[in-house]
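Asks: Using the numbering used here, the letters of the sequence shown correspond one by one to residues 8 to 200. Provided herewith is a single structure, encoded as structure tokens, for subsequent inquiry.
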Amino acid sequence: MLNADEIVYRCALFPRMVDQGIVPPEKAIADFFTEKDDEGNKVYTISVGRGAMLPDWAAVHDYGCRTAVAANDYLTEKKGGPLIRGEETLHYIGSYKVNVASIMQAPCKLFDLGVFHHPMPNLPEHCNIAMRQNSVDGTRIERSAERTGIIVYLRQSLYDPDSHICECDADLKETLAEIKLSVGPDKPPLLTG
Ligand SMILES: [Zn+2]
Numbered sequence: 008m009l010n011a012d013e014i015v016y017r018c019a020l021f022p023r024m025v026d027q028g029i030v031p032p033e034k035a036i037a038d039f040f041t042e043k044d045d046e047g048n049k050v051y052t053i054s055v056g057r058g059a060m061l062p063d064w065a066a067v068h069d070y071g072c073r074t075a076v077a078a079n080d081y082l083t084e085k086k087g088g089p090l091i092r093g094e095e096t097l098h099y100i101g102s103y104k105v106n107v108a109s110i111m112q113a114p115c116k117l118f119d120l121g122v123f124h125h126p127m128p129n130l131p132e133h134c135n136i137a138m139r140q141n142s143v144d145g146t147r148i149e150r151s152a153e154r155t156g157i158i159v160y161l162r163q164s165l166y167d168p169d170s171h172i173c174e175c176d177a178d179l180k181e182t183l184a185e186i187k188l189s190v191g192p193d194k195p196p197l198l199t200g
């Protein structure tokens, strides 16, 4: 599990997270991804990159480029053939910062929330914000409401976005340069303690 004083980066991908020319927070963090852990229990995850392994924005953007490559590899395999570039492909356009301390302050009662280092092929910096149902009693509706509340909280914790166009996306530069990464009206939650 990452320490509370660490920072993670959330990568923005075009066009998946773009709406009317911007990346709004609700697209940057749309929902958790559902997976099963080694014991077969449901775990909800959101992918981020570990700041401790990404010393500057150049390193963050290099990581972001690799996440787009990995996403396109996955899509290519799913389609069973090459993707149409600029239509079916995903492209990295920048990242947001999130403080692990902010994530740890998200209100949760029915779930345990943490950030875990989870290296993947060609993505050794990969981490999961992971949410796991705990043993506290709650209804399905209460759990669903808490999950939504945590997502909203995470969106409000995004800050200091930095836009970027990869060299590998030079042919799409005009389109990608128009996109702005936005943050919500709310300031990131204040850190205490
Ligand atoms: Zn790239």
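Ideal Cβ placement from N, Cα and C applies to all residues, glycine included.
For the region 24–37 against the region 145–157, are there 3 or more C-beta pairs whose distance is under 8 Å?
Replies: Under the three-pair Cβ rule at 8 Å, the region 24–37 does not count as touching the region 145–157.
Asks: Taking a contact to mean a Cβ-Cβ separation below 8 Å, would you say Ser54 touches His124 in this structure?
Replies: no
Asks: On the premise that Gln140 lies in contact with Leu117, defined as a C-beta separation below 8 Å, what is that separation, rounded to the nearest angstrom?
Replies: 7 Å
Asks: Any idea what DSSP makes of Met8, helix, strand or coil?
Replies: coil
Asks: Pick out whichever of Ile172, Cys115, Ser170, Gly87 has its Cα sitting closest to the Cα of Asp144.
Replies: Looking at the Cα atoms, Cys115 is the closest of the given residues.
Asks: Taking 7 Å as the cut-off, is the C-beta of Ala35 nearer than that to any heavy atom in ligand 1?
Replies: no
Asks: Going by CA-CA distance only, name the one from Leu161, Glu181, His171, Glu185 that's closest to Gly191.
Replies: Leu161
Asks: Report back the beta-carbon spacing between Val76 and Tyr16 to the nearest angstrom; my notes put them in contact at under 8 Å.
Replies: The Cβ separation is near 16 Å, so there is no contact.
Asks: My output table needs one value for Gly87: the three-state DSSP class, helix, strand or coil.
Replies: coil
Asks: Over the uninterrupted alpha helix (DSSP H) stretch that includes Pro168, give me the two end residues.
Replies: Where Pro168 is concerned, there is no enclosing alpha helix (DSSP H), although the beta strand (DSSP E) it sits in stretches over 166–170.
Asks: Take the Cβ of Arg73 as the centre, count every other Cβ of all protein chains shown within 10 Å, and call the residue buried at 16 or more, exposed below.
Replies: buried
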